[in-house]
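Note sheet for the following structure.
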Amino acid sequence: MVKIKSAEEIELMRESALIVSKTLGMLASEIKPGVNALYLDQLAETFIRDHGAEPGFLGMYDFPNTLNMSPNAQVVHGIPNSEPLKDGDIISVDCGALKNGFYGDHAYTFEVGEVAPEVKKLLKVTKESLYIGIREFRAGNRVGDVGYAIQNYCEGHGYGVVRELVGHGLGKKLHESPEMPNYGKRGRGKKFVEGMTVAIEPMINMGTKNIKQLKDGWTILTADGKPSAHFEHDVAIVNGKPELLSTFQYIYDALGITTDEEDEFRHKNLQP
Ligand code: MG
Ligand code: MG
């Protein structure tokens, strides 16, 4: 059952989402060649606790860490390890925080050093697809409208849209109803109403949409070994329209990104 949130609850969710946003912003200035994911994970855990929240993923379904760290061909759910990041890597960082009984849950794929142009393009298109999906998350639309928009845009660029993993409702539970696939048909599925809160999170592969799982029981990676990108925002329906609860602004501040094409794109696409 979909849990509709009051205005007060949405403000609490914004607080949780912003702790995650700030955590990702802190990590943005730490991610560089030679640094390992386990170190970053420890920084994130300390940062979240210092902000009066609990790591949202630690111990959830027995996950051992604060962050999901998924480099290169890993799609999501990578377990942080001590292997140093290399120049030209990408790494998807998914982070959760729990405060006042509500979860924040969002993700960003970072570039490590200098990344190949075709990989940069994968990141750009995946991030754009996130906002194209968010635009469809409005009262009266349906789950399939979001999924269709993301799928159509990414497949138009020749990319594979992961089927097995999906976005989700978000609130007092990390995963609430409804599921929010990154593929679908217009006008199908659950209808969106005022006060719904979801995590929209395209997981987009440069090559095949097919995935496999490592024996660790967690790590998902592309079947063809090509890179994969993941961007996630927490969104509420307020006055019938999508309102972002999370933000990438702390990341942009940390990276010194001031002329952000993607930000313009976001504004254009979030207009009614
Ligand atoms: Mg997430
Ligand atoms: Mg999520």
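For what it's worth, the working numbering labels the leading residue of the sequence shown as 3, then goes sequentially.
Note that beta-carbon positions come from the ideal geometry of N, C-alpha and C, so glycine has one too.
Just so we're clear, the structure is a prediction, and the values are computed from it rather than from any experiment.
Next item on the list: Drop a sphere of 10 angstroms on the beta-carbon of residue 260, count the other beta-carbons inside from all chains shown, and report buried for 16 or more, exposed for fewer.
Entry: The C-beta of residue 260 has fewer than 16 other C-beta atoms within 10 Å across all chains shown, which makes the residue exposed.
Item checked: Sequence-distant residues of its chain with Cβ nearer than 8 angstroms to residue 173 (five each side left out) -> Excluding five sequence positions before and after residue 173, the CB atoms of its chain that fall closer than 8 angstroms to its own CB belong to 5, 7, 11, 15, 104, 105 and 199, given in chain order.
Checklist line | Distance CB(residue 208)-CB(residue 167) smaller than 8 angstroms | finding: Note that the C-beta distance between residue 208 and residue 167 is not below 8 angstroms.
Item checked: Backbone secondary structure at residue 99 - three-state DSSP -> Assignment of residue 99 by DSSP, reduced to helix, strand and coil, places it in the strand class.
Next item on the list: Could you tell me whether any non-hydrogen atom of ligand 2 is closer than 7 angstroms to the CB of residue 79?
Entry: If you check the C-beta of residue 79 against ligand 2, you find no heavy atom less than 7 angstroms away.
Next item on the list: Compute the distance between the beta-carbons of residue 77 and residue 232, then report whether it is under 8 angstroms.
Entry: Yes.
Next item on the list: Give the secondary structure of residue 163 by DSSP, where H, G and I count as helix, E and B as strand, and everything else as coil.
Entry: In the three-state reduction of the DSSP assignment, residue 163 falls in the strand class, which pools E and B.
Note to self: Using only CA atoms, which one of 254, 110 and 238 lies nearest to residue 140?
What the structure shows: For the residues 254, 110 and 238, the minimum Cα distance to residue 140 belongs to 238.
Next item on the list: Use the C-beta contact count for residue 31: other C-beta atoms within 10 angstroms, 16 or more gives buried, fewer gives exposed.
Entry: Counting other Cβ atoms within 10 Å of its Cβ, residue 31 stays below 16 and is therefore classed as exposed.
Next item on the list: Would you kindly work out how many angstroms separate the C-alpha atoms of residue 213 and residue 81, rounded to a whole number?
Entry: Across the structure, residue 213 and residue 81 are spaced so that their CA atoms are roughly 17 angstroms apart.
Next item on the list: Counting only runs of 3+ residues fully inside the region 31 to 110, write out the beta strand (DSSP E) ranges in chain order.
Entry: Complete beta strand (DSSP E) runs here, min 3: 69 to 73, 76 to 78 and 92 to 101.
Next item on the list: List the endpoints of the continuous beta strand (DSSP E) containing residue 224.
Entry: In the DSSP assignment, residue 224 falls within the beta strand (DSSP E) that extends over 222 to 224.
Notebook entry, point to check: Do you know how far the Cα of residue 17 is from the Cα of residue 86?
Noted result: So the two alpha carbons sit approximately 32 angstroms from each other.
Notebook entry, point to check: Grouping DSSP H, G and I as helix and E and B as strand, with all else coil, what is residue 237?
Noted result: If DSSP states are grouped into helix, strand and coil, residue 237 belongs with the strands.
Check: Any idea if residue 217 is buried or exposed, counting beta-carbon neighbours within 10 angstroms, 16 or more meaning buried?
Finding: Its Cβ having fewer than 16 others within 10 Å, residue 217 is exposed.
Item checked: Helix, strand or coil at residue 3 according to DSSP, with G and I counted as helix -> Residue 3: coil per DSSP, three-state reduction.
Next item on the list: Can you check the region 116 to 145 for any alpha helix (DSSP H) of at least 4 residues that lies completely inside it and give the ranges in chain order?
Entry: DSSP runs (the alpha helix (DSSP H)) wholly in the region 116 to 145: 119 to 137.
Next item on the list: Assuming residue 21 contacts residue 118 (C-beta within less than 8 angstroms), just tell me the rounded distance between them.
Entry: Approximately 33 angstroms separates the beta-carbon atoms of residue 21 and residue 118; this is outside 8 angstroms, ruling out the contact.
Note to self: For ligand 2, I want to know if residue 181 counts as a neighbour, meaning its beta carbon is within less than 7 angstroms of at least one of the ligand's heavy atoms.
What the structure shows: Flag unset: Cβ of residue 181 not near ligand 2.
Item checked: Spatial distance of residue 25 from residue 184 (CA atoms) -> Distance between the alpha carbons of residue 25 and residue 184 is about 25 angstroms.
Next item on the list: Check the C-beta distance from residue 122 over to residue 164 and give it rounded, since I have them as a contact under 8 angstroms.
Entry: Their Cβ separation, rounded to whole angstroms, is 20 angstroms, which puts residue 122 and residue 164 out of contact at 8 angstroms.
Notebook entry, point to check: Thinking C-beta only, is residue 125 closer than 8 angstroms to residue 92?
Noted result: At the C-beta level, residue 92 and residue 125 come within 8 angstroms of one another.
Notebook entry, point to check: Going by C-alpha distance, which of 23, 61, 227 and 115 is nearest residue 89?
Noted result: Nearest in C-alpha terms to residue 89, of all of 23, 61, 227 and 115, is 115.
Notebook entry, point to check: Mapping DSSP to helix, strand and coil, what is residue 11?
Noted result: Annotated three-state conformation of residue 11 is helix, per DSSP.
Next item on the list: Determine the DSSP secondary structure at residue 17, reduced to helix, strand or coil.
Entry: Of the three classes helix, strand and coil, the one that applies to residue 17 here is helix, per DSSP.
Check: In three-state terms, what does DSSP make of residue 157?
Finding: In this structure, residue 157 counts as helix in the three-state DSSP scheme.
Notebook entry, point to check: If residue 96 and residue 69 are in contact, beta carbons under 8 angstroms, what's the gap, nearest whole angstrom?
Noted result: Indeed they touch by this definition, with Cβ atoms about 7 angstroms apart.
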